[in-house]
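Residue numbers (the UniProt record's numbering), protein chains in the order written: chain R, 1 to 177; chain Y, 1 to 393.
We put the beta carbon where it would ideally sit given N, CA and C, even for glycine.
As C-alpha cells, the structure follows; a few thoughts come after it.
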C-alpha cells in the first residue's frame, strides 16, 4: 500500500509456454495499480530469468502464407462453439490472444480479470508496407462481473517488429448480433 | 404396460395403494418402494397391461387423483430409440444439444433399470421438463449425493461431465470396486442440465449466454443468474440488482422456476442428501462455502482437507492444477450461490467445481478435452463420494 499513489504487488511467476508445455521461464514482476484513476493502466515492470524460445520459422511461415493470399483473410467465431480452431487459424487466434493481452492490460484494475473468450470476426486490412494488419472484433470475458464485452482492435504484426495494437475500443453489447 | 401417476391425499388412500401392491405386480418408479408412499406425495408406478383396467377402476372408485403417464410403455421406449437415429447421435466425447441429452436421459434409464431411474422435478421458464437421474442399486434407507450441471448456459463442459459420470457409473458398476461400493451404498441424484432454456439458447443464438431466459418485469433485458438466485446472503455482494447484468440475482430468492425446482427437491430429500456438488467452468477450482461472506464455515478444516485431497487426485491423472478453498477468497465474493444455500440447509459436504481450462479456451473448451477433463474430475468426485460414505452423518 503506497500512500497517495496506489497498491503495488510483487509477483514471482512461472511462465509456461502454451505451445511447448514443458518449457517454463521464471519471472519476477511489479505491478502498481494507481489510486483513484481508473483510466490509467497499471504500471508493470518485469524481469525474465531466462530466454523465450525462438519462433522465427513459424512466424515467417505464417507471414508468407498471409502475404501470398489472393483475397484478404476473413474469418468468424474462433474458436467455434465446440472449441475448434482450424490449423490455418491457429496463428490468427494466437495473434488475437497476444493483442488482447495489451488491451486487457490497458483496461485492468484490481477488480477485474479479463480473458479473451472468442474472436467474433477478423478481417485482414491490406497494406502497402511490410506489416500485416488485422481488424478484430473480439469478445472479452470479465470474470468478476461475468460480462462478455465486445472489443474492436486493430493489430499490426511483423515477424521482426512484433505486435502493435494501434487502435482499440470497447463496443456496445448489442453489436454482437 | 401402463404407467400411472397418483397423488394419495390421506392415509386411507395410501392404504389403497399398499393393498394394490400386495395383490398385483406393481413396479414403483417413484418413490422406490411402496413402503415410502406418503400422503400428498406424487407416486408413479408401472403395471402390466392386463392389470391396467382393474387398477384404473380401483383408482376411479377411490376418488384418488390420478392420470396415465405413459399409455404404452413399449411404444414410448421404441420412439425414444428411434429419435436417436433421426437427430444427432449422443456422444460422451462431443457436446450434445438439449434434444439429444433429453433423449439420452430416457435411454440410459431404460437400458439400466436396476441402476438408473429418471424423474421430472419441475419445468423451466420456457416449459421444458427438468430431468433428474437417480443412480444406485435399489435399497431402503440409502443416503444420497446430489450433483448438478449446467447452471450457467455457456459452460458446456459441465453437462458433459454429468453425462460422463452417469456413463461411468453404469459401465463400471460390478467391475470397479469403488464405483460398485458407492452405488450399492449411496444414491446419486444427477441433474444433467439445470438451466435448460439457457443451454438451448447457447446452441441456437448466443454461445456466450449465461443466465436463464426468463422475462424481467419492467425491463427488456432477459434472464437471472441462477447461481445468485439462492437464499444465501441473497444479493448482498457479488451480484447485481440490474436485470441487464450477467450476475442479476433475480427479483427474489428462487424467483426462477429452475432454482425453485432444485431447492424444492433438495428440501424434500434433506434427510437423505449428505453431499451437494455443483459443476461449473472455467478456472480449475474446487470451492466450498462461503462465497457470500469471507467468514469461514464451521466445517472449514474438514472441507479444506477434502478439497486438498480431491485436487491431488484430480491432478494425478494429467497434471491439471486446481486451486481450492472457500469461495469468497478463492474466486470472488458472490451471494446467492447454491453451494452456500445447501450448506446452510445442513448438507455439510458442499462443493463447487470450476472445470478446465484457465482461460486459453475458456467456455469454448475443445471437444478433444472432454474426455481428459471428465476422467480427471471423476477421480475427484469419486474421492469425495467415498469420503462421504465413510463419514455419514
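(message) Distance cutoff 8 Å, beta carbons only. Does residue 95/Y sit that close to anything in chain A?
(response) Considering every chain present, this structure includes no chain A. Its protein chains are R and Y.
(request) Please confirm if the stretch 341 to 353 of chain Y is in contact with the stretch 261 to 269 of chain Y, defined as three or more CB-CB distances below 8 Å between the two stretches. (result) The stretch 341 to 353 of chain Y makes contact with the stretch 261 to 269 of chain Y: 3 or more CB pairs, one atom from each, lie closer than 8 Å.
(request) Kindly indicate if chain Y contains any beta-carbon less than 8 Å away from that of residue 7/R. (result) No, residue 7/R lies away from the interface with chain Y (no Cβ there is under 8 Å from its Cβ).
(message) Check whether chain R comes within 8 Å of residue 367/Y, counting only Cβ atoms and requiring the distance to be less than that.
(response) yes
(message) Mapping the DSSP letters down to three states, classify residue 124/Y as helix, strand or coil.
(response) In the three-state reduction of the DSSP assignment, residue 124/Y falls in the coil class.
(request) Mind listing the chain R neighbours of residue 359/Y? Cutoff is C-beta to C-beta under 7 Å, in chain order. (result) 115
(request) Answer with yes or no whether the minimum CB distance from residue 171/R to chain Y is below 8 Å. (result) no
(message) Distance check for residue 32/Y and residue 394/Y, CA to CA, integer angstroms please.
(response) A query on residue 394/Y cannot be resolved here, the shown segment of chain Y reaching from 1 to 393 and no further.
(request) Could you say which of 364/Y, 381/Y and 238/Y lies nearest to residue 331/Y if we only look at CA atoms? (result) 238/Y
(message) Given this structure, state the Cα-to-Cα distance separating residue 175/Y from residue 357/Y, to the nearest angstrom.
(response) 31 Å
(request) With hydrogens ignored, establish whether the beta-carbon of residue 50/Y is closer than 7 Å to any heavy atom of the ligand GTP. (result) Only the bare structure without any ligand can be found here, which leaves the ligand GTP out of the picture.
(request) Tell whether a beta-carbon distance below 8 Å holds between residue 230/Y and residue 263/Y. (result) yes
(request) Give the straight-line distance between the Cα atoms of residue 124/Y and residue 12/R, rounded to the nearest whole angstrom. (result) 47 Å
(request) Measuring alpha carbon to alpha carbon, tell me which of 318/Y, 350/Y and 392/Y ends up nearest residue 377/Y. (result) 318/Y
(request) Could you tell me how far apart the beta carbons of residue 95/R and residue 155/R are, in whole angstroms, since I believe they sit closer than 8 Å? (result) 6 Å
(request) Starting from residue 49/R, follow the beta strand (DSSP E) in both directions and report where the run begins and ends. (result) 43 to 49
(message) Applying the 10 Å Cβ sphere with the 16-neighbour rule, what's the burial state of residue 384/Y?
(response) buried
(request) Use the C-beta contact count for residue 129/R: other C-beta atoms within 10 angstroms, 16 or more gives buried, fewer gives exposed. (result) exposed
(message) Quick check: the Cα distance between residue 304/Y and residue 54/R, rounded to an integer number of angstroms?
(response) 42 Å
(request) Output, in chain order, the set of chain Y residues within a Cβ distance shorter than 9 Å of residue 145/R. (result) 240, 245, 246 and 247
(message) Does the CB of residue 13/R have a neighbour CB from chain Y at under 8 Å?
(response) no
(request) On the DSSP bridge assignment, give the partners of residue 121/R in chain order. (result) 76/R and 137/R
(request) Give a yes or no on whether the C-beta atoms belonging to residue 98/R and residue 163/R are separated by under 8 Å. (result) Taking 8 Å as the Cβ cut-off, residue 98/R and residue 163/R qualify as a contacting pair.
(request) Using a Cβ cut-off of 8 Å (strictly closer), state whether residue 141/R contacts chain Y. (result) yes
(request) Return the chain-ordered list of same chain residues with a C-beta closer than 6 Å to the C-beta of residue 121/Y, the five sequence neighbours on each side being excluded. (result) So the qualifying residues of the chain are 130, 132, 261 and 265.
(message) Looking at the secondary structure, which residues open and close the beta strand (DSSP E) in which residue 354/Y lies?
(response) Counting along the chain, the beta strand (DSSP E) containing residue 354/Y begins and ends at 349 to 355.
(message) Is residue 18/R close to chain Y? Criterion is C-beta to C-beta, closer than 8 Å.
(response) yes
(request) Compare the beta carbon distance of residue 114/Y and residue 138/Y with 8 Å and say whether it is the shorter of the two. (result) yes
(request) Verify the CB distance criterion: does residue 83/Y have a CB-CB separation below 8 Å to chain R? (result) Low confidence applies here, because residue 83/Y scores a pLDDT of 48, under 50, leaving its location unreliable; read the following figure in that light. Closer than 8 Å: no.
(message) Quick check on residue 227/Y: buried or exposed, where buried means 16 or more other Cβ atoms within 10 Å of its Cβ?
(response) Result: buried.
(request) Inspect the beta-carbon positions of residue 170/Y and residue 93/Y and report whether they are closer than 8 Å. (result) no
(message) For a test of the three-state rule: what should DSSP assign to residue 162/R, helix, strand or coil?
(response) In this structure, residue 162/R counts as strand in the three-state DSSP scheme.
(request) Specify the secondary structure class of residue 177/R as computed by DSSP and reduced to three states. (result) Confidence at residue 177/R is low in this model, with a pLDDT of 46, below 50, so its placement is unreliable and no value can be given for it.
(request) Check whether the Cβ atoms of residue 113/R and residue 153/R sit closer than 8 Å, and answer yes or no. (result) no
(message) Which residue marks the beginning of the beta strand (DSSP E) containing residue 155/Y, and which one marks its end?
(response) In the DSSP assignment, residue 155/Y falls outside any beta strand (DSSP E), carrying neither H nor E.
(request) If I'm right that residue 145/R touches residue 247/Y with Cβ under 8 Å, what's the distance once you round it to whole angstroms? (result) 6 Å
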